[in-house]
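Working notes, structure below.
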Amino acid sequence: MSATQTRQRLAAILAADVAGYSRLMADDERGTIAALDAARIVFREHIRAHHGRVIDMAGDSVLAVFELASGAVAAALALQKELDERAAAVPDDRRMRFRVGVHLGEIIEKDDGSVYGDGVNIAARLEGLADPGGITVSESIRNAVRGKIAASFADLGEQSVKNLDQPVHAFSCAGEAPRSPATPAPGEYRRRKQSIAVLAFDNMTGDPDQVHFCDGISEDIITDLSKINGLAVIARQSAFAYKGKANDLRRIGRELGVRYVLEGSVRKSGNRVRVTAQLIEANSGTHMWAQRYDREFDDVFLVGDEIARDIVEALDIRLAHGEEARIWRRAVKTVAGREAFMRAWDAYAQSTPEGNRAAREMFLEVARLEPESPMGYAYVGVTHAVDVTQGWSNDVALSLSEARRLGTKAVELDEASAGGHWARAVAALFEGGFEEAVAEARMSLEIRPMCAGPRAGLAYVQLYSGSYEHAIQNARNAIELNPVYPGWYLYLMAAAQHFAGHEHEALRTLDQVLAASPRLSFARTLRIATLTALGRTAEAKAEAAQLLRERADISVERITTTQPFRDAAQRQRFADALRAAGLP
Numbered sequence: 007m008s009a010t011q012t013r014q015r016l017a018a019i020l021a022a023d024v025a026g027y028s029r030l031m032a033d034d035e036r037g038t039i040a041a042l043d044a045a046r047i048v049f050r051e052h053i054r055a056h057h058g059r060v061i062d063m064a065g066d067s068v069l070a071v072f073e074l075a076s077g078a079v080a081a082a083l084a085l086q087k088e089l090d091e092r093a094a095a096v097p098d099d100r101r102m103r104f105r106v107g108v109h110l111g112e113i114i115e116k117d118d119g120s121v122y123g124d125g126v127n128i129a130a131r132l133e134g135l136a137d138p139g140g141i142t143v144s145e146s147i148r149n150a151v152r153g154k155i156a157a158s159f160a161d162l163g164e165q166s167v168k169n170l171d172q173p174v175h176a177f178s179c180a181g182e183a184p185r186s187p188a189t190p191a192p193g194e195y196r197r198r199k200q201s202i203a204v205l206a207f208d209n210m211t212g213d214p215d216q217v218h219f220c221d222g223i224s225e226d227i228i229t230d231l232s233k234i235n236g237l238a239v240i241a242r243q244s245a246f247a248y249k250g251k252a253n254d255l256r257r258i259g260r261e262l263g264v265r266y267v268l269e270g271s272v273r274k275s276g277n278r279v280r281v282t283a284q285l286i287e288a289n290s291g292t293h294m295w296a297q298r299y300d301r302e303f304d305d306v307f308l309v310g311d312e313i314a315r316d317i318v319e320a321l322d323i324r325l326a327h328g329e330e331a332r333i334w335r336r337a338v339k340t341v342a343g344r345e346a347f348m349r350a351w352d353a354y355a356q357s358t359p360e361g362n363r364a365a366r367e368m369f370l371e372v373a374r375l376e377p378e379s380p381m382g383y384a385y386v387g388v389t390h391a392v393d394v395t396q397g398w399s400n401d402v403a404l405s406l407s408e409a410r411r412l413g414t415k416a417v418e419l420d421e422a423s424a425g426g427h428w429a430r431a432v433a434a435l436f437e438g439g440f441e442e443a444v445a446e447a448r449m450s451l452e453i454r455p456m457c458a459g460p461r462a463g464l465a466y467v468q469l470y471s472g473s474y475e476h477a478i479q480n481a482r483n484a485i486e487l488n489p490v491y492p493g494w495y496l497y498l499m500a501a502a503q504h505f506a507g508h509e510h511e512a513l514r515t516l517d518q519v520l521a522a523s524p525r526l527s528f529a530r531t532l533r534i535a536t537l538t539a540l541g542r543t544a545e546a547k548a549e550a551a552q553l554l555r556e557r558a559d560i561s562v563e564r565i566t567t568t569q570p571f572r573d574a575a576q577r578q579r580f581a582d583a584l585r586a587a588g589l590p
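Residues in the sequence shown are numbered from 7 upward in steps of one, following my numbering.
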C-alpha cells in the first residue's frame with residue numbers, strides 16, 4: 007500500500023479528554039502535567055491489554071481504535087476504575103478526571119496509522135456528553151456488547167451533537183450492575199457531578215421590601231444551572247436555609263455535600279443596581295472566581311443569566327449541542343413579573359391549603375403582568391394539581407381539568423415549560439393515562455435535569471405507575487439535591503420501597519418520616535401496612551387502634567381510592583393489609 011492509500015473499515019473508537027483541564031493547568035501546571043503523564047501510561051496499558059491501538063495523545067486527549075467493541079468498553083471501564091483508585095488520596099479539586107466516549111462505526115485508516123471519518127467524530131461527541139470520570143457509548147456499542155461484558159447502561163436518549171446531521175442515541179456505561187436502588191451509597195448521585203449551592207444574595211439595598219427582588223436573582227441562577235446535566239445544583243429550599251445568617255462557607259459545603267458555594271449581594275443607588283458574586287471552593291475556602299455587575303434597574307434580571315454563564319465557564323463545563331439556547335431562555339422578563347413570581351413561590355412553598363390558594367392568586371397576577379410568558383399559567387395549573395395530590399380539592403374533576411388546560415397553555419407558549427408539563431403529568435395520572443403521565447414528568451425533568459422538584463415529581467408518577475425501583479432511585483436523588491427536603495420526598499421513597507417488597511427498608515424510612523412528622527396520616531397507614539406485611543400483626547393492630555382514636559373519620563376506602571394506583575391488585579393488597587390490622 008503506497009503512502010497515499012487508505013482503507014475503510016468498521017472499528018470501535020475510544021475518545022477521551024480531561025474534564026477541567028484548563029483550570030487544573032492554571033492552578034498547578036507542573037502537577038497537572040505529571041498527573042497527565044501518569045494517566046497516559048494507564049491508558050496505554052489498558053488499551054494494549056484489550057487489543058486496541060493508540061492513535062493519538064495530543065494535549066489532554068486520547069484517541070484509540072479496537073477491533074472488538076467489547077475490547078473498547080472493557081478497556082474504558084478498566085482504565086476509569088484504575089484512575090479513580092489512583093486518585094483516591096488526591097484532593098477533589100486537584101483530581102484529574104477523564105471523560106470517555108466509545109462508538110462502533112466506520113473509519114478511514116491511512117497506511118501511516120492515522121484514522122478519520124464520522125466514526126471518530128461521533129466518539130468525540132460522545133466523550134463530550136460524558137460526566138467527569140464517566141463513560142458514554144453509542145447505541146451500536148451498547149447493542150454489540152450487551153450480555154458479553156459485566157456492564158450496565160442507562161439510556162440518555164437521542165442527543166443532537168455538533169457537526170452531525172442525525173442525533174446520536176447515547177447511553178452512560180457503568181462497570182457493574184447498579185446496586186439495589188433501596189440501598190445506594192449516600193451522596194453517590196452528587197459525586198457523579200460537579201456540585202454547587204447558590205445562597206440567597208444579601209439585600210444591601212437598604213430597603214427591606216427589596217428582599218424578593220434579591221431572592222429573584224439567586225433563583226434565576228439556580229434555575230439556569232439546574233438545566234445543565236453536568237452540574238448538581240442544591241435546591242432553593244436547602245440553599246436559602248442559610249439566609250440572613252453569618253455563615254462559614256466551608257461548613258455549608260460540608261452540610262450540603264457540595265464542592266462549590268456561590269454567594270453574592272445586591273446594592274441599589276437610584277436607578278442603578280450593583281450585583282456582586284463570588285464562587286468558593288467549599289473544601290478549602292478558596293475563591294475560584296468573583297465578578298461585579300453594574301446595571302440599570304430595569305435590566306438587572308439579565309444578571310442571573312450572566313452569572314450562570316460565568317460559572318459554567320469558570321468550572322469548564324461543556325454544554326451539549328442545543329443545551330445553550332434552552333438554558334439561557336428567560337421566561338419572566340420584567341422586574342414586576344419576577345417579584346410577583348417570587349412572592350407567589352414563597353406562598354406555594356408553605357405547602358398548606360391556605361398557602362396554595364394564596365399562591366394561585368399571585369401566580370394569576372404573574373399571568374396578568376406577563377401574558378406571553380408560560381410561568382404564570384404553568385404554576386396556576388400546578389396549584390390545581392397540588393390540590394388533587396394533597397387531597398385539598400373540593401372538586402377533583404374541575405381541578406384536574408384546570409391543571410391540564412393551564413399546563414397545555416403554558417406548553418403552547420413554550421415547549422420548555424417544566425411546570426406546564428408537570429401540571430399535565432398529574433392530570434394524566436389521575437385520569438388513568440399512565441404512559442402520558444410518565445412522558446410528561448420525564449419532559450419536565452429533561453428541561454431541568456438537575457432540579458430536585460421535577461425528579462421527585464417523576465418518582466411520584468413512577469410510584470403510582472408501578473415502576474417502584476425507579477421511583478426509589480429518583481426520590482433518593484431528589485433528596486440529595488435538596489437536603490432540606492419536604493417530607494413527601496421521603497414518604498415517596500418509603501411507599502416505593504413498600505410496594506417493591508423492600509419492607510425492612512420501607513419501615514426504616516417511615517420511621518424517619520414519622521420522627522419529623524409524627525401525625526402524617528398517609529405515612530402512618532403505610533407503616534401499618536408494612537408491619538402487616540412483615541408479620542408484625544400485633545404492632546400493626548396497636549398502631550391502627552391509635553390512629554382510629556385520633557382520626558375517627560379514617561377508612562380503608564378513603565385511604566386507597568384517593569391514590570391513583572395503576573395496579574388494581576396492588577391497591578387490593580394494600581387495602582387487605584390495612585383491614586387485617588383493624589382499620590374499617
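Glycine is no exception: its CB is placed at the ideal position from the N, C-alpha and C atoms.
The model shown is predicted, which means the values in this text are computed figures rather than measured ones.
- The way I'd put it, the segment 423-434 does touch the segment 445-452; three or more beta-carbon pairs between them come closer than 8 Å.
- Counting along the chain, His504 sits inside the alpha helix (DSSP H) bounded by residues Gly493 to Phe505.
- In the three-state DSSP reduction, Glu287 falls in the strand class (E or B).
- Fewer than three beta-carbon pairs drawn from the segment 379-391 and the segment 537-555 are found closer than 8 Å, and the two stretches are therefore not classed as touching.
- Under DSSP, the beta-bridge partners assigned to His109 are Ile19.
- The beta carbon of Phe580 sits closer than 7 Å to the beta carbons of Ala535 and Thr566 from its chain, once the five residues preceding and following it are set aside; these are given in chain order.
- If you check the CB distance, Val79 and Ala157 come in under 8 Å.
- Contact check between the segment 495-508 and the segment 453-471: three or more CB pairs, one atom from each, fall below 8 Å, which counts as touching.
- If you draw a straight line from the Cα of Lys87 to the Cα of Arg50, it is about 14 Å long.
- A Cβ-Cβ contact shorter than 8 Å links Leu110 with Ala18.
- Per DSSP, the beta bridge partners of Ser178 are Thr142 and Ala160.
- Secondary structure of Val24 (DSSP, three-state): strand.
- Here His175 has Glu145 and Glu164 as same chain residues with Cβ atoms under 6 Å from its own Cβ, once five neighbours each way along the sequence are excluded.
- Linking Ile141 to Thr12 through their CA atoms gives a straight-line distance of about 30 Å.
- Under the three-state reduction of DSSP output, Phe49 falls in the helix class.
- Contact between Asn277 and Pro455 is absent: CB atoms are separated by about 37 Å, not below the 8 Å threshold.
- Residue state for Val490 is assigned as coil, using DSSP reduced to three classes.
- At a Cβ-Cβ threshold of 8 Å, Ile202 and Val272 do not count as neighbours.
- As DSSP reads the structure, Gln165 sits in a beta bridge with Val174.
- Its Cα nearest to that of Phe159, the residue Ala180 stands out among Ala150, Val151, Ala180 and Gln172.
- Counting only unbroken stretches of 4 or more residues, the alpha helix (DSSP H) elements lying wholly within the segment 423-500 are 424-436, 440-453, 458-471 and 474-487, in sequence order.
- C-alpha of Trp398 to C-alpha of Val96: approximately 52 Å in a straight line.
- Val143 is the residue among Lys154, Val143, Ile155 and Gln172 whose C-alpha sits nearest the C-alpha of Leu162.
- The beta carbon of Gly65 is closer than 6 Å to none in its chain, skipping five residues each way along the sequence.
- Put simply, the backbone Cα of Glu345 is about 45 Å away from that of Ala129.
- DSSP, reduced to helix, strand and coil, places Trp295 within a strand of the structure shown.
- Taking C-alpha positions only, Leu496 is separated from Thr538 by approximately 21 Å.
- Counted as a single uninterrupted DSSP element, the alpha helix (DSSP H) harbouring Tyr383 occupies residues Pro380 to Thr395.
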